[in-house]
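Each residue of the sequence shown is one higher than the last, beginning at 0 in numbering that gives the first Met the number 0. The beta carbon of each residue, even a glycine, is placed where N, CA and C say it ideally should be. None of these values were measured; they are calculated from a predicted model. All remarks here apply to the structure that follows.
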Amino acid sequence: MGKIKVTKVKSTIKRTQRQKRTLEALGLKRIGQVVEHENTPNILGMVAKVEHLVSVEEA
0 MGKIKVTKVK
10 STIKRTQRQK
20 RTLEALGLKR
30 IGQVVEHENT
40 PNILGMVAKV
50 EHLVSVEEA
């Protein structure tokens with residue numbers, strides 16, 4: 000398993016509560032914040048649900 004870097008690039012204003020909670024579960028609070036996660040199906044599923052709010056790259 001590799002690692003991925005997830006960066007929050009858009010605001011959560013006017014987004015659903017589910018999307019806000021998904022970003023919080025990923026550890027993202029501020030725009031521009033970067034977190035590193037294992038490349039697992041669980042994390043990739045969470046990222047897919049908020050892909051319009053984040054950018055992803057291999058670490």
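Beta strand (DSSP E) segment containing residue i, residue limits
i	result
K7	2–7
Nearest-angstrom Cβ-Cβ length linking residue i and residue j, presumed shorter than 8 Å
i	j	result
K4	V33	6 Å
G26	T6	G26 to T6, Cβ: 12 Å. No contact.
A58	K13	Contact flag wrong, Cβ pair sits at about 30 Å.
L43	L22	That belief does not hold up - the Cβ atoms of L43 and L22 are roughly 15 Å apart, past 8 Å.
Three-way DSSP call (helix, strand, coil) for residue i in this model
i	result
E50	coil
Continuous alpha helix (DSSP H) stretch holding residue i: start and end
i	result
T21	16–25
Among the options, nearest to residue i - alpha-carbon criterion
i	options	result
T15	V49, S54, E56	V49
R29	K9, E35, N38, M0	K9
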